[in-house]
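Student:
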Amino acid sequence: TKFGDYGGQYVPEALMPAIEELTDAYRRYVLNNEDGFMDEFRERLADFGGRPTPLQRADQLSARYDTEVYLKREDLLHGGAHKLNNALGQVLLAKYMGKERIIAETGAGQHGTATAMAAAHLDMPCEIYMGRRDINRQRPNVFRMRLNGAAVTPVDVGRGTLKEAISETMRDWATTVETTHYVIGSIVGPAPFPAMVRDFHAVISEEIESQTAEKLDRSPGSVVACAGGGSNTMGAFAEFLDDDVELYAVEAGGSSLTVDEEAGVAPHSASLSTGEEGVLHGARTKLLQDGHGQIMESHSVSSGLDYAGVGPQLSHLVDEGRVTPVTVDDDDALEAFHRLSQDEGIIPALETAHAFGFLEAALGPDGDGSVEFAEPIVVNVSGRGDKDLEAAIEETEKRDLENAPEMEVFDQ
Amino acid sequence: TKFGDYGGQYVPEALMPAIEELTDAYRRYVLNNEDGFMDEFRERLADFGGRPTPLQRADQLSARYDTEVYLKREDLLHGGAHKLNNALGQVLLAKYMGKERIIAETGAGQHGTATAMAAAHLDMPCEIYMGRRDINRQRPNVFRMRLNGAAVTPVDVGRGTLKEAISETMRDWATTVETTHYVIGSIVGPAPFPAMVRDFHAVISEEIESQTAEKLDRSPGSVVACAGGGSNTMGAFAEFLDDDVELYAVEAGGSSLTVDEEAGVAPHSASLSTGEEGVLHGARTKLLQDGHGQIMESHSVSSGLDYAGVGPQLSHLVDEGRVTPVTVDDDDALEAFHRLSQDEGIIPALETAHAFGFLEAALGPDGDGSVEFAEPIVVNVSGRGDKDLEAAIEETEKRDLENAPEMEVFDQ
Amino acid sequence: MSSEDRAERTPQNARETSSTLADAFEEPAFVPYLAAGDPTFDASLEYVEALARGGADVIELGLPFSEPIAEGPTIQQAVVRSLAGGMTPERFFEFVEALDIDVPLACMTYYNLIYQYGDEPVRSFVERAAAVGIEGLVVPDLPAEEADPLRAACDEFGLDLVFIVAPTTAGERLDHIMERVSGYVYVQARLGVTGARESLSDHTGATLSRLEGYDVPKAVGFGISTGEHAASVVEAGADGVIVGSALVDIVAEGHEDDAPTAEIAAELESLARELKTGAIEGGQRRPRPERT
Amino acid sequence: MSSEDRAERTPQNARETSSTLADAFEEPAFVPYLAAGDPTFDASLEYVEALARGGADVIELGLPFSEPIAEGPTIQQAVVRSLAGGMTPERFFEFVEALDIDVPLACMTYYNLIYQYGDEPVRSFVERAAAVGIEGLVVPDLPAEEADPLRAACDEFGLDLVFIVAPTTAGERLDHIMERVSGYVYVQARLGVTGARESLSDHTGATLSRLEGYDVPKAVGFGISTGEHAASVVEAGADGVIVGSALVDIVAEGHEDDAPTAEIAAELESLARELKTGAIEGGQRRPRPERT
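Chains as they are written, first to last, in the numbering used here: chain A, 620 to 1031; chain B, 620 to 1031; chain C, 525 to 816; chain D, 525 to 816.
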């Protein structure tokens, strides 16, 4: 249950039996394919989810950077992000375990929508906890969850964001644990979640491996993925941990890497790059916390990266030197958002845009050339940007970005 | 250039040379794969677009209707609808033809976004004409086009919807025809567009054929697709025209199949079911028109079906008895929208919802049993509903639908 | 002109006999366009008659269609006004009957209206047009390739069928068109849609020279708005000038300003005179070609 | 109690010697909880002292953590108030030092605060807690599986480590916990989070009977809000009752109504007395077991 010293199971006693039950189910169904679980999972991922997703050469970026850049198109997965890999896996697992109800937390709403979809698909009642502030920031995703038949329960505690929603979902789980499965949305939480969620997402790197082999007759040189909790990151890295492949985890640099201890606010979400070891939401990992151990309110222009913790395995891999953490700030992420939209015809999620901001910072015309990537570079396009349109436009208007499009089309 | 008496090339003389040039290019590149055009097209459709899209068994609908229902998941194509098949094909063709600029019209914005994406992907300047009213109804799609770098030009003539946008794009084309390709968004317009657009979309039915063969070792019994202009329809039907497969084109019944001649308004868009032969936008086909031949303003809750014309080949196939046209009204389409969202975890476009409304009307608990479908039924899920969230919720609130979800989650 | 003058005309092949429209181009001709019924039936009658007084040799009278894909904003708005005023094909024919002028008329409209009229697609319309005294048709969305049924009907009822030749029209297509055209050929001065312009396109000369071998009057339209435009187009070899948007602009502005009908009519007559004079002057500036 | 009393205590294995916390359960015990510093440092001191006066046998004093995943809304809000008032681990220890009571204290907090404090993770916190006279720790997000470092530090500095046993805890896990627990075992009366309830859960009896063989005082918490609750829980076999939310409710309501500190303190003391009395009565209702 550990990754070095990271990970573990720091949860209330009431949850431990469920976690033991889940650990057993994970071993039997996921690791040992009991009752053909993994076969059914893979088949549903293909038919319902749309796997495999393509590995596409990015023609314009390859030219811009004079290197080979490939895109792993998780944005094409049903729901618009990699999130379904995990949500479908866990909801199906809950069904195999005989659970009768699904709960989940969501921040930006991507995990919530993926879970709501999977639950509708598998005919499971579903309740999603979401911070009040996020509910009002992410209306379309709330609509989608409700349309899929999920209950959406506002969380009014604290700032009303992901952190509070996770805590609240854990509270529900502590009450309903006997009949309910909590679908954690990233490679965080108590064991076995970090390993299990990674395994559900590992299909991303499995496909990258077979697709680069088939198209290019080789492995990728570098894999780049944004990292909030880190599920798309570990999904994109998992198969390459023992190989000679460079792995870059791009965190949200927000507006600044400094912190405001007084206000308990970190204006970024760079847990891997700047966080300190601690215990949050069931696991020991790198955290954004103040000197006393209180968790900081994180920040990013991308609400999906806006989390004070990170997957324990990523913390471990960073300490080991296997994964290189880097940061991209809000401005550069927005520029990258526009660049990919205009140059490649793919509007990425703001989360995803961070990964491309890193390429530009390192390889672009004004890049610092600090990184020498091994070729080809595969960037995980973890999600599409439809959910972020309003936010991206609003944030763009606040700034003086070189490549921002004019938006003066509407009446009044 | 004709389908029976339908089709033809009813365009201003200034466009005829361009249409001859296009006809030649269509023959060479599309039909004869000159310079490997079709190979590149298919490869880009796979890598950029995400083909093949899955053929998924609809577990809940199959149970509900006690028959085998399969879903062709065009909603998973990049951009969220089948539209990219055609847009990518035409923009690539324009590149092969040496054109320097792309123009297109759009109604709901789906064709516009697909074209903007394809143009960004292939590095072609792009301008999209869109009725002012549609611009204000479809903000997210306008954002997407602008983000992809396309110019969006409002059309203020008439009601400011698709019909006017097409006319305006034709005017642009009449001016810039030497350097510009007009990417028509459906199987309408002068020859060779109806055949060419069909051929770009035919990949849908090619895949259905190979997927049913692989999964079920047989052909589909029935194929059901919604029909506005009819591009997803013909794409889903094309390979089966000579086979023993039932083909149903589901049109928008709107609020009523009657018309208001005085106001020049048809409160539906059922050109195949109720239209009269006439000439519009370059082709002879079935049209919604008044007794004098003036084109009616059509209506549907789904702006993508809201067009007074329809592809000439569909008109012909309906006359021949090969395709059965049916209608589903706004209410039933909305109910079907909610049903698919809740039961299958797929939020369909409102266009697409019409196809499912037809299943329910025929096979549902309150169905009239009027149709005996040959099994298995394949329904083309032509697009996803993200673009329609606001509209669907607004239209749902106006009605007393049995399966409408509560939407009271937001503040105040 | 009243319809009775030609109502009795028997079916014939117009191209093999004399054409009233072609005859109108004996001297450099001025061919104005107005949308019938813009903004009202009665005012529009006065406007058309003013053009006749101003020297029009042929008048292109627009029967408005809801989707005028070949028109620029000026004529689009005229179409909207006319339709809002209740214009229909039948009213259009009544309009022609009500006109009190002695200038040959061409009806400019879109194919769907011709197709839908009456019991026999195409033929009914042409028959009725002939009955009210219309001399010819101009159909902007009907290229020669699709024109056989209409050509046949026009031949049957003795109407001319005018085709448009664009700057992009050349080679076989030009031959194809010129085999089918009668009355006059509408030479589109530039690409695009109708609309008045400050300056003239330089495509005109090239198009006219491609047409040199064809013995049909060449009327140049698209963008002509002043007497000087008209003069230079005729000097370049045109047999006449077609002017629409510049005239419709006068109707539109007058309508907007609520100007008296007579005042608008006077303005139209004045511009018509300027344009006709310009055409004549253009003819004088060049060595007049022998007409065969 | 002032910290000097125990500051000199040397490291030892608490489980092998007498435990002040366990000793507090000689008669049916009342164990109240309050969040230190809720809503202010000074008021909170008075509230805790009022509980002591009301008959508390052990006081669980909450050191607030920003993510209290095991707490219901009542205690979540207490945490918010306390943190807003500037509570920190260091201030918490000062709070304990400033308390003038003679009731053993357990510190209830979350693991991250214990982990972060001082130079040596876990050990620094326990050392300091011992220095200010805290007798034990309750850590709701630390199951026995992860508790070895804290257990070792507690042993080193003579603190008890209280574990929670839930209705879902059974079999090997129960043994595992009971091997590590000291002071008392916190019997969670029902699933879920903390919070006062109208009626009691019927899980309690079952859990208590699973614990029968273990020689550690059993204190039942979650949902107890009245003297009668306390009585029936003790009657069912508990050695004591833990009451948090019902008390915090008094603080919260007083805070909201801007009530004088003394008035709130009096209310707390009164409810404390009711609960203590209930516990005693519950003990009298059942045959008192022989303690070995």
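We put the beta carbon where it would ideally sit given N, CA and C, even for glycine.
Mind checking if alanine 981 of chain A is an interface residue toward chain B, Cβ cutoff 8 Å exclusive?
Tutor: Chain B, which has no Cβ nearer than 8 Å to the Cβ of alanine 981 of chain A, makes this no.
Student: Any Cβ of chain C within less than 8 Å of the Cβ of serine 786 of chain B?
Tutor: Yes, serine 786 of chain B lies at the interface with chain C (some Cβ there is under 8 Å from its Cβ).
Student: Can at least three beta-carbon pairs, one atom from the region 631 to 643 of chain B and one from the region 998 to 1014 of chain A, be found at a separation below 8 Å?
Tutor: Judged by Cβ distances under 8 Å, the region 631 to 643 of chain B makes no contact with the region 998 to 1014 of chain A, as fewer than three pairs qualify.
Student: Might you give, ordered along the chain, the residues of its own chain that have their beta carbon closer than 6 Å to the beta carbon of valine 688 of chain A, omitting 5 neighbours on each side?
Tutor: Closer than 6 Å at Cβ, skipping near neighbours: Ala677, Leu680, Ser681, Ile996.
Student: With distances taken Cα to Cα, identify the nearest neighbour of leucine 906 of chain B among B:Ser922, B:Val884, B:Ser921.
Tutor: The residue with the shortest Cα to Cα distance from leucine 906 of chain B is B:Val884.
Student: Can you give me the start and stop residues for the alpha helix (DSSP H) that glutamate 826 of chain A sits inside?
Tutor: That run of the alpha helix (DSSP H) goes 822 to 835.
Student: Any chance the region 728 to 737 of chain B sits against the region 704 to 716 of chain B, with 3 or more Cβ pairs inside 8 Å?
Tutor: Yes, the region 728 to 737 of chain B is in contact with the region 704 to 716 of chain B.
Student: Do we get a CB-CB distance below 8 Å when we pair threonine 725 of chain B with the residues of chain A?
Tutor: No, because no Cβ of chain A sits closer than 8 Å to the Cβ of threonine 725 of chain B.
Student: Check whether the region 983 to 999 of chain A touches the region 875 to 889 of chain A, taking contact to mean three or more Cβ pairs, one atom from each stretch, closer than 8 Å.
Tutor: No, because fewer than three Cβ pairs between the region 983 to 999 of chain A and the region 875 to 889 of chain A fall closer than 8 Å, the two stretches do not touch.
Student: Cβ closer than 7 Å: which chain B residues qualify as neighbours of serine 590 of chain C?
Tutor: Chain B residues near serine 590 of chain C: Gln913, Ile914.
Student: Closer than 7 Å, Cβ to any Cβ of chain A: which residues of the region 703 to 725 of chain D, in chain order?
Tutor: Taking 7 Å as the Cβ-Cβ cut-off against chain A, the residues of the region 703 to 725 of chain D that qualify are Gln712, Leu715, Gly716, Val717.
Student: Can you tell me whether phenylalanine 681 of chain D is helix, strand or coil according to DSSP?
Tutor: Of the three classes helix, strand and coil, the one that applies to phenylalanine 681 of chain D here is coil, per DSSP.
Student: Who are the neighbours of alanine 665 of chain A on chain B, taking C-beta pairs under 7 Å?
Tutor: Result: Pro673.
Student: Comparing C-alpha positions only, which one of A:Ala981, A:Tyr926, A:Phe622, A:Thr946 sits nearest to glutamate 783 of chain A?
Tutor: Comparing Cα positions, the closest option is A:Tyr926.
Student: Check the DSSP bridge columns for histidine 800 of chain A and list the partner residues they point to.
Tutor: A:Ile721.
Student: Taking the alpha helix (DSSP H) that serine 934 of chain A falls in, what are its first and last residues?
Tutor: Taken as a continuous stretch (DSSP letters only), the alpha helix (DSSP H) holding serine 934 of chain A covers 931 to 938.
Student: Enumerate, from N- to C-terminal direction, the unbroken alpha helix (DSSP H) stretches of 4 or more residues contained entirely within the region 878 to 954 of chain A.
Tutor: Correct list: 890 to 893, 931 to 938.
Student: Given this structure, state the Cα-to-Cα distance separating glycine 660 of chain D from valine 686 of chain D, to the nearest angstrom.
Tutor: Distance between the alpha carbons of glycine 660 of chain D and valine 686 of chain D is about 7 Å.
Student: Entirely within the region 572 to 614 of chain C and at least 3 residues each: give me those beta strand (DSSP E) ranges in chain order.
Tutor: With a minimum length of 3 residues, the continuous beta strand (DSSP E) runs that stay inside the region 572 to 614 of chain C are 583 to 586.
Student: What's the gap between the Cα of aspartate 529 of chain D and the Cα of alanine 560 of chain D?
Tutor: Reliability of the predicted coordinates at aspartate 529 of chain D is poor, the pLDDT of 45 falling under 50, and no value is obtained from them.
Student: When Cβ atoms are compared, which residues of the region 668 to 682 of chain D fall closer than 9 Å to chain A?
Tutor: Listed by position along the chain: Ala668, Glu669, Glu670.
Student: Counting only Cβ pairs nearer than 9 Å, list the residues of chain D close to threonine 794 of chain A.
Tutor: Neighbours of threonine 794 of chain A on chain D, chain order: Arg714, Leu715, Gly716, Val717.
Student: Quick one, which residues of the region 612 to 641 of chain D are near chain A if we go by CB-CB under 9 Å, in chain order?
Tutor: Per Cβ criterion, the list reads Thr612, Pro613, Glu614, Tyr634, Tyr635, Asn636, Leu637, Ile638, Tyr639, Gln640, Tyr641.
Student: Does DSSP classify valine 689 of chain C as helix, strand or coil?
Tutor: In this structure, valine 689 of chain C counts as strand in the three-state DSSP scheme.
Student: Does any residue of chain B have a CB that is nearer than 8 Å to the CB of aspartate 684 of chain C?
Tutor: Not one chain B Cβ lies under 8 Å of aspartate 684 of chain C.
Student: Inspect the beta-carbon positions of threonine 1015 of chain A and leucine 953 of chain A and report whether they are closer than 8 Å.
Tutor: Cβ distance < 8 Å, so threonine 1015 of chain A and leucine 953 of chain A count as in contact.
Student: Would you say glycine 626 of chain B lies against chain A (beta-carbon separation less than 8 Å)?
Tutor: Not an interface residue.
Student: When we look at the beta-carbon of lysine 1017 of chain B and count the other beta-carbons within 10 Å, is it buried (16 or more) or exposed?
Tutor: With fewer than 16 Cβ atoms within 10 Å of its Cβ, lysine 1017 of chain B is classed as exposed.
Student: Ends of the beta strand (DSSP E) at asparagine 1022 of chain A?
Tutor: Premise fails: asparagine 1022 of chain A is in no beta strand (DSSP E) and is neither H nor E.
Student: Quick check: is the beta carbon of proline 636 of chain B nearer than 8 Å to any beta carbon in chain C?
Tutor: Taking Cβ atoms only, chain C reaches closer than 8 Å to proline 636 of chain B, which makes this a yes.
Student: Between proline 673 of chain C and the rest of its own chain, which residues show a CB-CB distance below 7 Å, the 5 nearest in sequence each way excluded?
Tutor: Closer than 7 Å at Cβ, skipping near neighbours: Val646.
Student: Just checking threonine 801 of chain C against the ligand FAD - is the residue's beta carbon closer than 7 Å to any of the ligand's heavy atoms?
Tutor: For the ligand FAD, the structure offers nothing, since it holds no ligand at all.
Student: Going by DSSP, what residues sit across from tyrosine 710 of chain D in a beta bridge?
Tutor: D:Ile688, D:Ala743.
Student: Please look up how many angstroms separate the CB atoms of valine 796 of chain A and alanine 644 of chain A, rounded, as I've assumed it's under 8 Å.
Tutor: Valine 796 of chain A to alanine 644 of chain A, Cβ: 14 Å. No contact.
Student: For the beta strand (DSSP E) containing serine 841 of chain A, list its first residue and its last residue.
Tutor: Its beta strand (DSSP E) spans residues 841 to 845.
Student: Whole-angstrom Cβ separation of alanine 743 of chain D and glycine 764 of chain D, contact assumed at under 8 Å?
Tutor: Indeed they touch by this definition, with Cβ atoms about 4 Å apart.
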